[in-house]
DNA sequence: ATCACATATTGGCAATTCTCGATATGACGA
DNA sequence: TCGTCATATCGAGAATTGCCAATATGTGAT
């Protein structure tokens, strides 16, 4: 988790995903499923492969969850797990 | 801060410093000033230079404070700042 | 002034991370 | 089936980190 968040771009992605509606073209109905990779990539300015990898790292750290629908993969925050991690953080440190 | 905590040895040091009395030879009077580098080094098993560098990184991240007394440098947690950082963390993520 | 000791800094090498372009996979439409 | 589009994975080079031994700095005792 610390490794995942030690990168500014990945931290930024996690913050952006708090407001899925701030991505262009997002419909209210999409909020629950998340934001697709290309939208995140466009906003981050990183390459496509880098964006995909970073989201995979965030997923492995349990910070986001991915949902594949058709050709798109949507990412959204794993709020429950994030809350749990923050709580553990407060206990340990 | 995330970079500082992305290393297991540095996280361990921060946790150890929660209980300064657990270091051999610590007197109750020493608790306030902290633990000296050699004690932390012995416990971590890392080299002297590595230990010194890691403590410097923790200090730059605002997680510990250093007090020089004679030839010794004592490190202790910056509890106020740690609490502030954890709070900010909860706000941002 | 000099020695010994605790800590800090430097130089370097191996391992990891960052980031990209190229390529592979998988799904949809014609 | 073929082409296209979204995403994932691979391979690689530059940059950073991990960690050490060697050296430098600062302090107290002689």
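Residue numbers (the working numbering), protein chains in the order written: chain A, 1 to 93; chain B, 94 to 186.
Note that CB positions come from ideal geometry on N, CA and C, so glycine has one too.
Check: Report back the beta-carbon spacing between residue 93 (chain A) and residue 179 (chain B) to the nearest angstrom; my notes put them in contact at under 8 Å.; Outcome: 7 Å
Check: Whose C-beta lies closer than 8 Å to the C-beta of residue 23 (chain A) among residues of the same chain, with five residues either side of it excluded?; Outcome: 16, 35, 39, 40 and 43
Check: Less than 8 Å separating the beta-carbons of residue 77 (chain A) and residue 63 (chain A)?; Outcome: yes
Check: Report all residues from its chain with a CB closer than 7 Å to the CB of residue 141 (chain B); omit the five preceding and five following residues, and keep chain order.; Outcome: 134
Check: Looking only at C-alpha atoms, which of B:103, B:95, B:107 and B:184 sits nearest to residue 91 (chain A)?; Outcome: B:107
Check: Locate the alpha helix (DSSP H) running through residue 66 (chain A), then write down its first and last residues.; Outcome: Careful: residue 66 (chain A) lies outside any alpha helix (DSSP H), inside the beta strand (DSSP E) at 64-69.
Check: With a cut-off of 8 Å, does the C-beta of residue 148 (chain B) fall near any C-beta of chain A?; Outcome: no
Check: Just confirm the distance between the C-beta atoms of residue 51 (chain A) and residue 37 (chain A), as a whole number of angstroms; I'd bet it's less than 8 Å.; Outcome: 6 Å
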